[in-house]
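Here is the structure we will look at, set down as structure tokens.
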Amino acid sequence: MNIKIVVKYIASPFALLFILSGCSAGVLDPKGPVASTQYDLIIYSIILMSVVLVPVFIVFGYVVYKYRERPENKDYEPPEIEGNKKLEVLWTVIPIIIVTLLAVPTVKATYDLETSPSPKQEPLVIKVTSAQWKWIFQYPEQGIQTVNYAYIPVDVPVKFILTSAGAMNSFWVPQLGGQSYTMAGMKDQMFLEASEEGVYRGKGANFTGRRFADMKFKVTAESQQDFNAWVKKIKTTKPELTIEQAKQLMIPGTVGKMAFSSYPENFKMTQLKEGVQNEPKRD
Amino acid sequence: MNLSEIKDFLIGEFFVTGDPTIYAAQVMIALTTIGIIFTLTYLKKWKWLWREWLTTVDHKKIGIMYIIVAMLMLFRGGADALMIRTQLALPNMDFLEAQTYNEVFTTHGTIMLLFMAMPFLIGLINVAMPLQIGARDVAFPYLNALSFWLFFSGAMLFNLSFIIGGSPDAGWVNYPPLAGGNLSPGPEINYYLIGLQIAGIGTLTTGINFIATILKMRAPGMTLMRMPIFTWSSLITSIIILFAFPVLTIALALLTIDRLFGSHFFTVMGEGLPEMYVNLFWLWGHPEVYILILPAFGIFSEVISTFARKRLFGYKAMVYSMIIISLLSFVVWVHHFFTMGSEPAANSFFSISTMAIAIPTGVKIFNWLLTLYKGKIKFTTAHLWALGFMPNFVIGGATGVMLASAPADYQYHNSYFLISHFHYVLISGTVFSIFAGLHYWWPKMFGHKLNERLGKWAFWLFVVGFNVTFVPMYIVGLMGMTRRVYTYEEGLGWTTLNFIETLGAYAMGIAFAIIVYNIYYSARYGERDKTGDPWDGRTLEWSIPSPAPEYNFAHVPKVKGLDAFWIMKKENKTKKKEKEPYKPIHMPDDSGQPFMMSLFFFISGFGFVWEWMWMGILGLVGVGVIMILRTFDKDEGYHISSREIKRRERAAREDRIDE
Amino acid sequence: MSKANESTIQKNIPLEYANEEGRVKIIGFWLFLAAEIVLFASLFAVYLVYLDRTADGPTAEEIFEIKGVVIQTFLLLISSFTSGLATHELRRRNTKGVVVWMIITLLLGVSFLGMEINEFITYVSEGVNISTSAFWSAFFVLVGTHGVHVTFGIIWISFILVQVAREGINTVTSRKLFIGGLYWHFLDVMWIFIFTAVYLIGMVL
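Chains as they are written, first to last, in our numbering: chain A, 1202 to 1484; chain B, 1492 to 2150; chain C, 109 to 313.
Here's what the structure looks like:
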């Protein structure tokens, strides 16, 4: 698509600015097809909006300066103008055009993001559960579970199945793609894919209470072989997750990184029932 | 219960303890309260307070009370904002702990929207709208007083949580399950629910009152299409209130019932749906945004047209665009949670409906520009606020259109990009309009102008500070900084931007202090408005003396077109009017009932907050008793004699007649 | 009401509309009813979404007893009719007729309320209450809200009746009574919706 090329060309100085200004560029440094789609849309909409903003600013500045009250125009009495049909139709039409120009790619991207970015490839499935205040990742095909970090293979679509054991959170890895809510009693899915190896910061984006700021995790993308090796390592070196430990994880609080070679299939993760002990609000 | 149990309860649960800032604030609040009581007693002003203010049904006095309370709430919300910005100025700051931070941003949002912005606008509507349509008062003066006192007791109940029981801490949206009984037991969230409920009833009754007033109380000759644009905006806003607020009532009530009586509306246990709350909340919440912005548009239209010395360009288009905005406001609520995993068809629909709001809004912006075009623009403080609104609001609006694109929103949502967007819209829209309106109508309320020099200082400091605060927020949001985190780590590249934001916030704080000082300064040294028409105004409120007499219009004005007073001035009718004989004017009786009823609502609310059912029910019984008393009320009112009117009009217009 | 207003009453116009105050207050009350409709609409929406969310507990079909509800519906419908007759007598300025018909209306209202309370008690004894499941929460709150409105209406209209009996029919009492009548009709209409959306759907599904 040539819009994409134009967008990339115009956007490069933006991106450069952010890379120069700091380390993590987040949304503006996409590392996967989903994030790229969204990045293109963002830059495109910024350009589109600038097309409106710049002329409005210029006209505004001009009018306010030109028609200011001065000693010379003391006797000037402004005309009483009721309106102007033609002009008013004109500036009803302009926003309609701008909005249409944005609506079309928006709808297209909305549908695109519902499905896997690489439909031909079998996706890796990861079940993500947010809890008070930790992220739990389960790999049903591999049978392993991690807490507060995840590994994914590069160039393979990953299907995240999202739910929550406690408050509603939002699963967000800015460089890989936009966020989606995690909700107790609901299962949502979202596809992400990394196109480059690297470690990407992820976080809970929706407020969940006292230790919300600690709900961060890292997603490491590496080659399929390295990923397989990592799975194998977890399988062989890490302990099994017992029901007791799984219950322990449901107690509100923070934990560090954890990994388990297996997890109990039938354990229902929830913190929303009577008798779950709450942490005191203050130390 | 023995003594030590009572002590444990008081220190452990009832009074908020733990933080030195809280102790300091508690001491301050206690001292201020004692100070107020002492001063009132010393000056023997209790009776005056009761007679002139607590029992008044005069729309102007009620408006002023709304504005005073809203200013206090602006102070509280602003102090919260500065605490937030101080905590975030540097990474790993140790100023507020997580829990306190959570409370502070929750109260910041709730207070600014519901106890500051909306009441401030309602206050301005109360002062100006009946005067603009040539009415003697609103349709239901008694109900108007009740609305105010309900808002007041709701606001006070909410604020009481700061010293008794603990502040709400689940964000201003208060989503379950976080705000449900499992994860947030205790009185904190109850304060939010019941405080908002009481204030919300007050808002609903205000809406009804304003609609009836505008539909039935207009001066002869004032057709709908001759109404001042601010009155139009008040009418449309009130209609939105009428249809949106009952939904909030239900959302709050159901969550309250969940928490107090163990029902399962929003609990996952029992197959309730937390998502239902989110939908109900935003079904009210998005129209609420337009309740905050449409009166602002009205104020800007009046101010721009007055100080450009020109009729508002495209008056009809302005009216229709507001009506369209109000209709659209009810079909966009899902854009607050695109990330909830709705169907792509749903997200696409709500994306497009949201973007569509840009169309009528764009029309308004261009019409304001054309109103200025060929005008004679005076840079008064009020006008500066209105002019400052335009470029800033356009930035907020443009980012709003960007946010409306659902797939892109997955990246903006919950980030500082979103925070910056709605602050751009709400500050440059609502807050600027509040200050514009305050400077514009101040002479009509108090009979003197606010100082222009101080006003302009405050304006420039505020506008610069505002941009310094919120431009970096857009960037830091795109870098991945999420809202509601109490701290962040070093090395993310966020530090400089956050520090700059904090500087801007303090500049806005100083600007607010200047405005408050200006109020004091102008009360003492301000220029007295002897003409009643200090700005060469166009609408009827400027045809009567400043401050407006309690009966408003000695003669009911006859309206011949849009900008009725401008036409009168052109025809030079203002002097001739003096000769018409005065007739006695019927006035409504003052009443202490609204105040008492709200006091009982407060008591009842406090009982339910603590789940002391006896107290809650007792309060409601009190409310019922006053309602019964009211049904027996005949509301006879009294008359001001024509001689008295003549005397007062003479006194007020002395200077003008001398000229 | 001031004498001036009484004297300017036009003939042929119902007394409650005879002066500006009456007209404004009636419009205000219509607006209030609009808000009430939104309030009930929200509750209906919640109820309909929660229709099958019974969490393995008893369903509507198992518990509902339609017979009592049909009688309740008739009681309220008749009361709406008698309240209309009261308004008719109001137009004829027949104080006695107004009071009699209105008392009959209120008695019908009280019987309706009694049956509703009885219905709730039966349901609770059969093992469902507000915290059984989302469905039963929605049921009790929706129907209960209507019940609370009816209670409020009965108390309010009783106090208006006291005034009518004491002072006869004038612009003030006729206005109050007329507005009370509006409220009563509104409650009746809401009940028809509840009967359809709750009981009929509940029995069929």
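Glycine included, C-beta positions come from ideal geometry on N, C-alpha and C.
CB contact check: residue i to chain A, cutoff 7 Å
i: Gly1645/B; result: no
i: Ala1690/B; result: no
i: Gly2052/B; result: no
Helix, strand or coil at residue i according to DSSP, with G and I counted as helix
i: Phe1586/B; result: coil
i: Tyr1464/A; result: coil
i: Lys2124/B; result: In the sequence on display, residue 2124/B carries Asp and not Lys. Note: Asp2124/B maps to coil in three-state DSSP.
i: Ile2035/B; result: coil
i: His2077/B; result: strand
i: Ala1332/A; result: strand
i: Asp1660/B; result: coil
i: Tyr1683/B; result: helix
i: Ile1327/A; result: strand
i: Val1629/B; result: coil
i: Tyr158/C; result: coil
i: Ile1848/B; result: coil
i: Gly1223/A; result: Note that Gly1223/A scores 47 on pLDDT, short of 50, meaning its location in the model is unreliable; the coordinates nonetheless yield the value given after this. Of the three classes helix, strand and coil, the one that applies to Gly1223/A here is coil, per DSSP.
i: Arg1402/A; result: strand
i: Asp164/C; result: coil
i: Asp1389/A; result: strand
i: Ser1817/B; result: helix
Contacts that residue i makes with chain E (C-beta to C-beta distance below 8 Å)
i: Ser239/C; result: The structure shown contains no chain E; its protein chains are A, B and C.
is_contact[residue i, chain B] using C-beta, thresh 7 Å
i: Gly347/C; result: Given a span of 109 to 313 for chain C in the structure shown, any question on residue 347/C remains unanswerable.
i: Val1329/A; result: no
i: Pro1324/A; result: no
i: Phe1408/A; result: yes
i: Leu147/C; result: yes
i: Ala126/C; result: no
i: Ser188/C; result: no
i: Gly1223/A; result: Residue placement at Gly1223/A cannot be trusted, given a pLDDT of 47 that sits under 50; what the coordinates show is reported in the next sentence. Chain B, which has a Cβ nearer than 7 Å to the Cβ of Gly1223/A, makes this yes.
i: Phe1261/A; result: yes
Contacts around residue i, its chain only, beta-carbon distance under 6 Å, and the 5 residues preceding and following it disregarded
i: Glu1475/A; result: none
i: Val1822/B; result: Ser1844
i: Thr213/C; result: Ser187, Thr190 and Ser191
i: Ala1147/A; result: Summary: the structure shown does not reach residue 1147/A, with chain A confined to residues 1202 through 1484, and so no result is reported for it.
Any C-beta of chain C under 7 Å from that of residue i
i: Ala1710/B; result: no
i: Lys2049/B; result: no
i: Leu1695/B; result: yes
i: Lys1707/B; result: yes
i: Leu1783/B; result: no
Per DSSP, cross-strand counterpart(s) of residue i
i: Ile1298/A; result: Partner(s): none; Ile1298/A has no beta bridge.
i: Asn1370/A; result: Thr1383/A
i: Thr1532/B; result: In DSSP, Thr1532/B forms no bridge with anything.
i: Pro1354/A; result: Glu1423/A
i: Lys1417/A; result: Lys1404/A
i: Phe1338/A; result: Val1329/A and Thr1347/A
i: Val1359/A; result: Leu1325/A and Leu1393/A
Neighbourhood of residue i by C-beta, 7 Å cutoff - its chain only, sequence neighbours within 5 removed
i: Glu1992/B; result: Arg1576, Thr1960, Pro1963 and Met1964
i: Gly1591/B; result: Before going on, a small fix: residue 1591/B reads as Thr here, not Gly. Cβ neighbours of Thr1591/B beyond the five flanking positions: Asp1510.
i: His2077/B; result: Gly2128 and His2130
i: Pro2081/B; result: The sequence shown places Asp at residue 2081/B, rather than the Pro named in the question. If we look at Asp2081/B and ignore the five residues flanking it on each side, its Cβ neighbours are Thr1546, Thr1547 and Val1548.
i: Glu1270/A; result: none
i: Glu1779/B; result: Ala1735
i: Ile2001/B; result: Leu1952
8 Å Cβ shell around residue i - same chain, five flanking residues per side excluded
i: Thr281/C; result: Ile268, Gln271, Val272 and Glu275
i: Arg2138/B; result: none
Cβ-heavy atom distance, residue i to the ligand ADP, below 6 Å
i: Leu1581/B; result: Summarising the ligand content, the structure contains no ligands, and the ligand ADP is consequently not present.
Exercise. Which parts of the region 1225–1290 of chain A are runs of the alpha helix (DSSP H), unbroken and 4 residues or longer, counting only runs that do not cross its ends?
Worked result: Taken in chain order, the complete alpha helix (DSSP H) segments of 4 or more residues contained in the region 1225–1290 of chain A are 1234–1267.
Exercise. In chain order, which alpha helix (DSSP H) runs of at least 4 residues are fully inside the region 1687–1759 of chain B?
Worked result: The DSSP assignment places 1720–1752 as complete runs of the alpha helix (DSSP H) inside the region 1687–1759 of chain B, in order along the chain (cut-off: 4 residues).
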